[in-house]
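Written below as structure tokens is the structure these notes are about.
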């Protein structure tokens, strides 16, 4: 089967084509990141994002089909991110996908963005259900058991900030810029993680929930103590603080994931894998620590390639393909869902909003 | 041709023939939200009713705005998706032109026409059409500024903000005649306006959003050092 994927739920406009005929393949995977559009405002502006999605999406879809050398009539399915995310972009992606589906009577698949992240690993590796998933990105921080396509059990979530958000806020305090994850990672490489003792929120507490807002407060405190009168930090201080942030986040992720592994093994003795997905999974230091944890627990550690960790449409196309194989399609009347928890039975985390 | 509108408090779809006759029509009036759910099933219905495939259409026409920002994008994203997947030509029609196309010449009786579109804020989106059809530049104005902006003389008023515009103009002592067309643009007239422009050999309006107002965001304040 050949499926077109469309992603427009935040600040990346993306279109991709994947196939499972003669082996799983990505035939095209194009992303337009709206960094320049939002940079003057210091964050994503929903109305600007929606305007950019409408402008960029149609030519991007045309280019993706061109790259894949596929015509619309040859598509077996049209998949799009139906939520969660910013409503303006979700609507642009949904209407474009519905229109394409209407022209050729192609099956339409509304994909949960988080399900895209959760299933991507099955596009690039052989991973059987069930598996334990740590989903870490700018908008999310969750531990889930992936039982099957469309069946997820949440073990833990952040109760305030997402982990990518923690990186972004720390990077801003250190004057490193945006997005924070890769900038902190680079600065941390030359730093001493032991010089600044930062807190490890939730570490040692029962359960699998995360919290990162206290870490941000501690970084702000440390910066105010060592900065000069003009608020500047010495390069050494920046490196040491970045290393301390990375180490603290790593400790939290390892501690919470260890709890989740214990639960996972108890409930799913046949489960074999720990999968890490989302933009933060691109951090090499964190990846290494989580790989070590998996090895010590007798689980295989699997993470998608870096380009499939950050937001993209190949993951939406793939999740759409997996759903299509099971006959899980959607109607032209589908209403985009700004909030759409993967595990509808999990209790909402009050401070985390859509991140949970 | 297939035409549709989602820019106002309503959603409509129409299939027309080359003479501008409506072969199938669907409308959902007084629709505050939910255009994204309603539009595509309506398009499928008019296509099925007339047994026309998208690929067999000669033209797709869509309202480009002004109106609700999200509504503008719903129609345009759908229109671009249809055109991209079918290869059918796509034309834009402004909300002003679509409303103006619905006004009966007898009803206008040589009066100039002011089309007033709801902006969902205090300001009103307006365009003025002289008796000979000459159109002014579109504008965004507070109601109180309308009387000074509109040329003197009796006016016909249409559009979903016509009542608000009429109240402001009458308060300023202007004579106005309210058209019975007080809703958002209708798909049939979107189609007829596109057809008329196409027949006249006009390049038409590009199928791009006509927001007529910048996003309501302000740039963050510069660091203290850069302030005066």
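Residue numbers (my numbering), protein chains in the order written: chain A, 1 to 356; chain B, 1 to 228. Every residue, glycine too, gets a C-beta built ideally from N, C-alpha and C.
Chain A contact residues for residue i, given Cβ-Cβ distances below 8 Å
i: residue 55 (chain B); result: 103
i: residue 37 (chain B); result: 333, 334 and 335
i: residue 215 (chain B); result: 45, 47, 48 and 51
i: residue 76 (chain B); result: 54
Chain-ordered neighbours of residue i on chain A, where CB pairs are closer than 7 Å
i: residue 1 (chain B); result: In chain order: nothing, as chain A lies at least about 15 Å away.
i: residue 70 (chain B); result: 88 and 91
i: residue 101 (chain B); result: Those within 7 Å of residue 101 (chain B) in chain A number zero; the least Cβ separation is about 24 Å.
i: residue 41 (chain B); result: 332 and 333
Cβ-Cβ separation, residue j to residue i (assumed contact under 8 Å), whole Å
i: residue 416 (chain A); j: residue 134 (chain A); result: Nothing in the structure corresponds to residue 416 (chain A), since chain A is present only between 1 and 356.
i: residue 428 (chain A); j: residue 108 (chain A); result: This structure gives no information on residue 428 (chain A), because the portion of chain A shown stretches from 1 to 356.
i: residue 200 (chain B); j: residue 93 (chain B); result: Residue 200 (chain B) to residue 93 (chain B), Cβ: 13 Å. No contact.
i: residue 215 (chain B); j: residue 44 (chain A); result: 12 Å between Cβ atoms; not a contact.
i: residue 271 (chain A); j: residue 130 (chain A); result: 5 Å
i: residue 102 (chain A); j: residue 54 (chain B); result: 7 Å
Interface partners of residue i on chain A, CB under 9 Å
i: residue 44 (chain B); result: 102 and 332
i: residue 73 (chain B); result: 50, 51, 53, 54, 88, 91, 92 and 95
i: residue 209 (chain B); result: 51, 54 and 55
Within chain B, the residues that residue i reaches when beta carbons sit closer than 7 Å
i: residue 40 (chain A); result: 219
i: residue 36 (chain A); result: Going along chain B, no residue has its Cβ under 7 Å from residue 36 (chain A), so there is no contact; the nearest lies around 15 Å.
i: residue 234 (chain A); result: In chain order: nothing, as chain B lies at least about 19 Å away.
i: residue 79 (chain A); result: Those do not exist, as residue 79 (chain A) stays about 14 Å from chain B at its closest Cβ, beyond 7 Å.
i: residue 84 (chain A); result: Here the premise fails: no neighbours, minimum Cβ distance about 16 Å.
Residues that residue i bridges to, as DSSP identifies them
i: residue 151 (chain A); result: A:148
i: residue 31 (chain A); result: A:14
i: residue 275 (chain A); result: A:133 and A:302
i: residue 141 (chain A); result: A:136
i: residue 7 (chain A); result: A:14
i: residue 25 (chain B); result: B:14
i: residue 158 (chain A); result: A:210
i: residue 19 (chain A); result: A:2 and A:25
i: residue 80 (chain A); result: A:6 and A:110
i: residue 330 (chain A); result: A:108
i: residue 125 (chain B); result: B:117 and B:140
i: residue 91 (chain B); result: B:61
i: residue 4 (chain B); result: B:13 and B:62
i: residue 158 (chain B); result: B:115
Same chain only: Cβ atoms within 8 Å of residue i, ignoring 5 sequence neighbours per side
i: residue 209 (chain A); result: 156, 157, 158, 159, 202, 256 and 349
i: residue 8 (chain B); result: 67, 68, 71, 95, 117, 118, 160, 183, 184 and 185
i: residue 74 (chain A); result: 2
i: residue 92 (chain A); result: 8, 50, 53, 54 and 57
i: residue 295 (chain A); result: 301
i: residue 224 (chain B); result: With a pLDDT of 36 at residue 224 (chain B), under the threshold of 50, the predicted position of this residue should be treated as unreliable, and no value is reported.
i: residue 71 (chain A); result: 65
6 Å Cβ shell around residue i - same chain, five flanking residues per side excluded
i: residue 2 (chain B); result: 15, 57 and 60
i: residue 175 (chain B); result: 154
i: residue 115 (chain B); result: 96, 99, 100, 127, 158 and 159
i: residue 171 (chain A); result: 180, 183 and 184
i: residue 237 (chain A); result: 226
i: residue 161 (chain A); result: 212 and 213
i: residue 433 (chain A); result: Lying before the first or after the last residue shown, residue 433 (chain A) is absent from chain A, which here runs from 1 to 356.
i: residue 224 (chain A); result: none
i: residue 118 (chain A); result: 133 and 146
i: residue 191 (chain A); result: 239, 240, 242 and 243
Beta-carbon proximity list for residue i, same chain, < 7 Å, skipping 5 on both sides
i: residue 68 (chain A); result: 17, 27 and 28
i: residue 115 (chain A); result: 319 and 342
i: residue 166 (chain B); result: 157, 176 and 178
i: residue 94 (chain A); result: 80, 82, 334 and 336
i: residue 281 (chain A); result: 136, 287, 303 and 309
i: residue 26 (chain B); result: 12, 13, 42, 45 and 46
i: residue 329 (chain A); result: 107, 108 and 109
i: residue 17 (chain B); result: 23
i: residue 228 (chain B); result: Caution applies to residue 228 (chain B), whose pLDDT of 32 falls short of 50 and renders its modelled position unreliable; the value that the coordinates give is listed next. Around residue 228 (chain B): no qualifying Cβ.
Residue i beta carbon near the ligand NAD (any heavy atom closer than 7 Å)
i: residue 95 (chain A); result: The ligand NAD is not part of the structure shown, which contains no ligands of any sort.
Interface partners of residue i on chain B, CB under 8 Å
i: residue 28 (chain A); result: By Cβ distance, chain B contributes nothing, its closest Cβ being about 15 Å from residue 28 (chain A), past 8 Å.
i: residue 16 (chain A); result: Per Cβ cutoff of 8 Å: no residues; residue 16 (chain A) is ~16 Å from chain B at best.
Chain-ordered chain B contacts of residue i [CB-CB under 9 Å]
i: residue 260 (chain A); result: Ordered by position in chain B, no residue passes the 9 Å Cβ test against residue 260 (chain A), which lies about 37 Å from the chain.
Worksheet item: Given a limit of 8 Å on CB to CB distance, which residues of the segment 60 to 74 of chain A reach chain B?
Response: 61, 62 and 72
Discussion item. Beta carbons nearer than 8 Å to chain A: which residues of the segment 19 to 31 of chain B have them?
Written reply: none
Item to complete: Select from the segment 81 to 93 of chain B all residues with a C-beta closer than 7 Å to any C-beta belonging to chain A, and list them in chain order.
Response: 81, 82, 84, 85 and 86
Fill in: the segment 112 to 123 of chain B: positions lying closer than 8 Å to chain A by Cβ
Answer set for the segment 112 to 123 of chain B: empty.
Worksheet item: Using a Cβ cut-off of 9 Å, which residues of the segment 170 to 202 of chain A contact any Cβ in chain B, in chain order?
Response: none
Worksheet item: Listed in chain order, which residues of the segment 126 to 145 of chain B have Cβ atoms closer than 9 Å to some Cβ of chain A?
Response: none
Discussion item. Along the segment 178 to 203 of chain B, where does the CB come closer than 8 Å to a CB of chain A? Name the residues.
Written reply: none
Worksheet item: Name the residues in the segment 215 to 244 of chain A whose C-beta lies less than 7 Å from a C-beta of chain B; which are they?
Response: none
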